[in-house]
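Below you'll find the structure, written out as structure tokens, and then a few comments.
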Amino acid sequence: MKKYGIVMLFVVIFFLCGAADASAAEKDTLKVGLRYGSGALFSANLLNEEGRGYEFGYFDAGRNFHAFGSTGETAISITAAGNIAVGRDGTYSSGTSGSGGTIGTYHVQLDGLCSDYDDAADRAAEYSGGYPAYLSGGFAVRVGSYVSRKDAENALEELGVSGEVVSGSATGVVVTVTKTTDVLLEFDCRGAESLGILPDGRMDAVTWFKGYRYNGGFQYDRVTGGNLNVINVVDLEDYVKGVLPHEMGGGWPEEALKAQAVCARTFACRNTKHLSAYGFDVCNTTDCQVYNGCSGAAASTDAAVEATAGECLYADGKLIEALYFSSDGGATEDSENVFGGATTYLVGKRDPYEAAVSIPDYAYSVSYTPEELTWILQHSGYSIGTVADAYVSEFTRMGNVSKVTFVDTDGKQLTLKGQKARSAFYSSTYHKSVRSMRFTINGQDTGTAPDPGIGTGGYRVNDSGLLPSLDGVSVISGTGTVKTYSGGTPYVVTAGGTKALSLSGSSVQNAAKSGNVVITGTGNGHNVGMSQYGASAMAKQGYGYEDILHFYYTDVTIR
1222 MKKYGIVMLF
1232 VVIFFLCGAA
1242 DASAAEKDTL
1252 KVGLRYGSGA
1262 LFSANLLNEE
1272 GRGYEFGYFD
1282 AGRNFHAFGS
1292 TGETAISITA
1302 AGNIAVGRDG
1312 TYSSGTSGSG
1322 GTIGTYHVQL
1332 DGLCSDYDDA
1342 ADRAAEYSGG
1352 YPAYLSGGFA
1362 VRVGSYVSRK
1372 DAENALEELG
1382 VSGEVVSGSA
1392 TGVVVTVTKT
1402 TDVLLEFDCR
1412 GAESLGILPD
1422 GRMDAVTWFK
1432 GYRYNGGFQY
1442 DRVTGGNLNV
1452 INVVDLEDYV
1462 KGVLPHEMGG
1472 GWPEEALKAQ
1482 AVCARTFACR
1492 NTKHLSAYGF
1502 DVCNTTDCQV
1512 YNGCSGAAAS
1522 TDAAVEATAG
1532 ECLYADGKLI
1542 EALYFSSDGG
1552 ATEDSENVFG
1562 GATTYLVGKR
1572 DPYEAAVSIP
1582 DYAYSVSYTP
1592 EELTWILQHS
1602 GYSIGTVADA
1612 YVSEFTRMGN
1622 VSKVTFVDTD
1632 GKQLTLKGQK
1642 ARSAFYSSTY
1652 HKSVRSMRFT
1662 INGQDTGTAP
1672 DPGIGTGGYR
1682 VNDSGLLPSL
1692 DGVSVISGTG
1702 TVKTYSGGTP
1712 YVVTAGGTKA
1722 LSLSGSSVQN
1732 AAKSGNVVIT
1742 GTGNGHNVGM
1752 SQYGASAMAK
1762 QGYGYEDILH
1772 FYYTDVTIR
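Convert by adding 1221 to the 1-based position in the sequence shown; the result is the number in our numbering.
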């Protein structure tokens, strides 16, 4: 989910599926994707902070760890089997000519299986370059790592033992002492099992991976012929402790942190969006919740997790989709108006609390030229010509944006609804985005009915086309007299009453002259569920975490 205080740089989409059964909350061990898909790694290093070694094994379907061997090494690397080049700096890459040495794909494998890991390790120690291999549930001894089959055959002849030459498969994984060619283990279960590693044999041990410290164990899934998906297998409460420092922070009010802890736990217990594709429950980015292990943990964030241990949010006896975001700008929103799925508990609320605290970057403004909008929409796959106008064509009952309409120079209209009405403005090329669902375009009124607004390069009256200027426009006075508009400040009658457009010298007037689309708004996020800054504001005003959760989520229970 979105972290507070950072502009969203990509679209986050939540799927509001049917509510999960309450038994999901009993999941006390999570699988968290750290590197996967396009971010999968050819080689992954571990450093045991405890100063001790690791157990090798695998995690079963119930997430229980089954150890079969161990090493006393504290710095190990797990790499996709094949030809592995070791660089001068000790890094691993696919290749056959590393300046720091090469681990070849061909090995000598001695005949016969061993009774267990220790038996294989003892036999391997009799040969220079020998090591144990775990192969589909059995143990064997392999010797050497050669780039060519011929070299491996020559080595087998020189050894004078009964064996054969084998090569690493597309599902194999090699464990080495980091920055060396010293092989500790080769693991290959043809995809039936994935290598699991548990530091010091304990789920509460602390290990360094990619600059962050993690509790729990690690699983390495290798997609056939590809790189390694790295998964952290961790206790649920330790996972939540790893979320809080990044989704709020140690300096936030105690009751807000408790509310966030309950939301994070509920989200993790219910969420399965990555399970079928990658085999883990949640990822470690804003696509799920930001999680970097126990790095950044504070006494206050840990205490909030411990004070709410095991507590989740339920509606009708089932876990809810506990969505949250940074700030709502004045009102949250019904889930169906943003994501398209109606729920009984994600119902929009006018928020009187946020205004009581100072929120970083609460108000924002972003300007687009017609050329920029045309490029952004067309490169997002939308069918539209050169953009001439953009306006909010529908607001929700909460005053948030429901629909945005774009009009090209041929009069063709493109109307986008819900989250797409906001995400359509995102561009990494132009480094621009619309931060919330609460915004106006070129000074539009935010009444709950279709209201007059100002379009790009002119003025809009109800649902009519653009007026290039107000010259020659007839207006009706308060006494019913019809006369030609002759200057001054124009007013419009909206669902909320009479409002001045206040064009003189304003950015709206400048936008109309320049043809730019100027968006102004408040808040940061998708506006569905709990406002994190709203939770902070409520906590500062004396509300408890249960009060906060009951305000932002409708008809829920906490247990």
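We put the CB at the ideal spot given by N, CA and C, even for glycine.
On a predicted model such as this, the values are computed, not experimentally measured, just so you know.
- Item | Proximal residues to Asn1269 (C-beta, below 6 Å), its chain only, five neighbours per side dropped | One-based indexing of the sequence shown puts residue 1269 at position 48. Within the same chain, Asn1269 has close Cβ partners Thr1295, Pro1420 and Thr1428.
What three-state label does DSSP hand Phe1772 in the structure shown? The sequence position of residue 1772 within the sequence shown is 551, counting from 1. Phe1772 sits in a helix when the DSSP states are folded into three classes.
Continuous beta strand (DSSP E) stretch holding Ala1265: start and end: Position 44 of the sequence shown, counting from 1, holds the residue named residue 1265. Following the DSSP letters along the chain, one finds Ala1265 inside the beta strand (DSSP E) bounded by residues Ser1264 to Asn1269.
Point to revise | Whole-Å CB distance - Val1364 paired with Val1329, under 8 Å assumed | key: Translated into positions along the sequence shown, residue 1364 becomes position 143. Translated into positions along the sequence shown, residue 1329 becomes position 108. Your pair Val1364 and Val1329 checks out as a contact, with CB atoms roughly 4 Å apart and the cut at 8 Å.
DSSP state of Gly1606 mapped onto helix, strand, coil: Reading the sequence shown from its first residue, position 385 is the one you call residue 1606. Residue state, collapsed to three classes: coil.
Handout entry: Assigned exposure category for Arg1643 - 16 Cβ within 10 Å defines buried
Key = Working through the sequence shown from its first residue, we reach residue 1643 at position 422. Only buried fits Arg1643, as 16 or more other CB atoms lie within 10 angstroms of its CB.
Is it the case that the Cβ atoms of Thr1743 and Arg1659 are separated by a distance below 8 Å? By 1-based counting over the sequence shown, the position of residue 1743 is 522. By 1-based counting over the sequence shown, the position of residue 1659 is 438. Their beta carbons are under 8 Å apart, which means Thr1743 touches Arg1659 by this criterion.
DSSP beta-bridge partners of Phe1488: On the sequence shown, residue 1488 is found 267 positions in, with the first residue counted as 1. Beta-bridge pairing links Phe1488 to no other residue.
Can you list, in chain order, the residues of its chain with a C-beta nearer than 8 Å to that of Gln1762? Leave out the 5 residues immediately preceding and following it.
The sequence position of residue 1762 within the sequence shown is 541, counting from 1. Cβ within range, chain order: Tyr1574 and Ala1577.
Exercise for the section: Report the three-state DSSP secondary structure of Val1568 (helix, strand or coil). Expected result: For the purposes of this step, residue 1568 is identified with residue 347 of the sequence shown, where counting begins at 1. Shown here, Val1568 sits in coil according to DSSP, grouped into three states, outside any helix or strand.
Report task. May I have the straight-line CA-CA distance separating Leu1722 from Ala1265, to the nearest angstrom? Result -> The residue you call residue 1722 lines up with position 501 of the sequence shown. The residue you call residue 1265 lines up with position 44 of the sequence shown. Any answer about Leu1722 is weak, because its pLDDT of 48 lies below 50 and its placement is not dependable; what the coordinates show is given next. Near 59 Å, if we compare the C-alpha coordinates of Ala1265 and Leu1722.
(request) Measure the C-alpha to C-alpha separation of Ala1519 and Asn1558 and round it to an integer number of angstroms. (result) If you number the sequence shown from 1, residue 1519 lands on position 298. If you number the sequence shown from 1, residue 1558 lands on position 337. The alpha-carbon of Ala1519 is positioned some 37 Å away from that of Asn1558.
- Message: So if DSSP puts Leu1450 in a beta bridge, which residue, or which two residues, is it bridged to?
- Response: Position 229 of the sequence shown, counted from the first residue, corresponds to residue 1450. At residue 1450 the sequence reads Asn, which differs from the Leu that was named. According to DSSP, Asn1450 bridges with Asp1442.
Open item on the list: Looking at chain B, is there any beta carbon in it that lies within less than 8 Å of the beta carbon of Val1613?
Closed with: This model lacks chain B altogether; it includes just one protein chain.
**Prompt:** What's the C-alpha gap between Asn1448 and Val1622?
**Reply:** Residue 1448 sits at position 227 when you count from the first residue of the sequence shown. Residue 1622 sits at position 401 when you count from the first residue of the sequence shown. In this structure, the straight-line span from the alpha carbon of Asn1448 to that of Val1622 is close to 42 Å.
Q | Opening and closing residue of the beta strand (DSSP E) in which Trp1429 lies | A | As a working note, residue 1429 is residue 208 in the sequence shown. Where Trp1429 is concerned, the enclosing beta strand (DSSP E) stretches over Thr1428 to Phe1430.
Check: Would you call the CB atoms of Asp1249 and Asp1456 closer than 8 Å?
Finding: Taking the sequence shown and counting its residues from 1, the one referred to as residue 1249 is at position 28. Taking the sequence shown and counting its residues from 1, the one referred to as residue 1456 is at position 235. Less than 8 Å separates the beta-carbon of Asp1249 from that of Asp1456.
| Outcome for Lys1462 when other beta-carbon atoms lying within 10 angstroms are tallied against a minimum of 16 | The count along the sequence shown starts at 1 and reaches residue 1462 at position 241. Classification for Lys1462: buried.
ask   = Given that a residue counts as buried once 16 or more other Cβ atoms are within 10 Å of its Cβ, and exposed if not, what is Ala1584?
value = For the purposes of this step, residue 1584 is taken as the residue at position 363 of the sequence shown. Classification for Ala1584: exposed.
- request: For Ala1525, name the three-state secondary structure that DSSP assigns.
  value: Position 304 of the sequence shown holds residue 1525. Collapsing the DSSP output to three states places Ala1525 in a helix.
Residue environment, Arg1656, which counts as buried when at least 16 other CB atoms sit within 10 Å: The residue given as residue 1656 occupies position 435 in the sequence shown. Label assigned to Arg1656: buried.
Span separating the alpha-carbon of Ser1432 from that of Val1398: Taking the first residue of the sequence shown as 1, we reach residue 1432 at position 211. Taking the first residue of the sequence shown as 1, we reach residue 1398 at position 177. Sequence check: residue 1432 is Gly here, not Ser. Cα to Cα, Gly1432 sits roughly 18 Å from Val1398.
* Asked: Hey, how far is the Cα of Gly1393 from the Cα of Gln1440?
  -> Walking along the sequence shown from the start, residue 1393 turns up at place 172. Walking along the sequence shown from the start, residue 1440 turns up at place 219. When only Cα atoms are considered, Gly1393 and Gln1440 end up about 14 Å apart.
Within the chosen definition, does the segment 1471-1485 reach the segment 1754-1774 through at least 3 CB pairs nearer than 8 Å? Yes: the two stretches touch, three or more of their Cβ pairs being nearer than 8 Å.
Closest Cα partner of His1287 within the set Leu1405, Ile1305, Ser1320 and Gly1438: Here the question's residue 1287 lines up with position 66 in the sequence shown. Closest by C-alpha distance to His1287, out of Leu1405, Ile1305, Ser1320 and Gly1438, is Gly1438.
Notebook entry, point to check: Within the chosen definition, does the segment 1316-1334 reach the segment 1351-1370 through at least 3 CB pairs nearer than 8 Å?
Noted result: As far as the Cβ criterion goes, the segment 1316-1334 touches the segment 1351-1370, which means the pair count is three or higher.
- Whole-angstrom distance between Thr1636 and Leu1459, CA atom to CA atom: In the sequence shown, counting from the first residue as 1, residue 1459 sits at position 238. In the sequence shown, counting from the first residue as 1, residue 1636 sits at position 415. One detail in the question is off: residue 1459 reads as Asp in this sequence, not Leu. Annotation: Asp1459 to Thr1636 spans about 44 Å, alpha carbon to alpha carbon.
Practice task
Could you check what DSSP says for Gly1674 in three-state terms: helix, strand or coil?
Solution key: Taking the sequence shown and counting its residues from 1, one reaches residue 1674 at position 453. Note that Gly1674 scores a pLDDT of 32, beneath 50, so its modelled location is shaky and nothing firm can be said.
- Helix, strand or coil at Pro1591 [DSSP, three-state]: Taking the first residue of the sequence shown as 1, we reach residue 1591 at position 370. Pro1591: helix per DSSP, three-state reduction.
Distance CB(Gly1254)-CB(Leu1544) smaller than 8 Å | On the sequence shown, residue 1254 is found 33 positions in, with the first residue counted as 1. On the sequence shown, residue 1544 is found 323 positions in, with the first residue counted as 1. Against a cut-off of 8 Å, the Cβ pair of Leu1544 and Gly1254 comes out as no contact.
| task | Could you please give the first and the last residue of the uninterrupted beta strand (DSSP E) stretch that includes Arg1434? | result | Along the sequence shown, read from residue 1 onward, the residue named residue 1434 stands at position 213. Tyr1433 to Tyr1435 is the span of the beta strand (DSSP E), which, as asked, contains Arg1434.
Please list the terminal residues of the continuous alpha helix (DSSP H) segment that includes Ser1497. Within the sequence shown, the letter at position 276 stands for residue 1497. First-last of the alpha helix (DSSP H) with Ser1497: Leu1496 to Tyr1499.
Separation of Tyr1279 from Thr1326, as counted between CA atoms: Here residue 1326 is taken as the residue at index 105 of the sequence shown, counted from 1. Here residue 1279 is taken as the residue at index 58 of the sequence shown, counted from 1. One C-alpha to the other measures close to 23 Å.
>> So, at 6 Å on beta carbons, what are the nonlocal neighbours of Met1619 in its own chain, with the 5 sequence-adjacent residues on each side left out?
In response: Indexing the sequence shown from 1 puts residue 1619 at position 398. Excluding residues within five positions, the ones whose Cβ falls inside 6 Å are Ala1552, Glu1554 and Gly1569.
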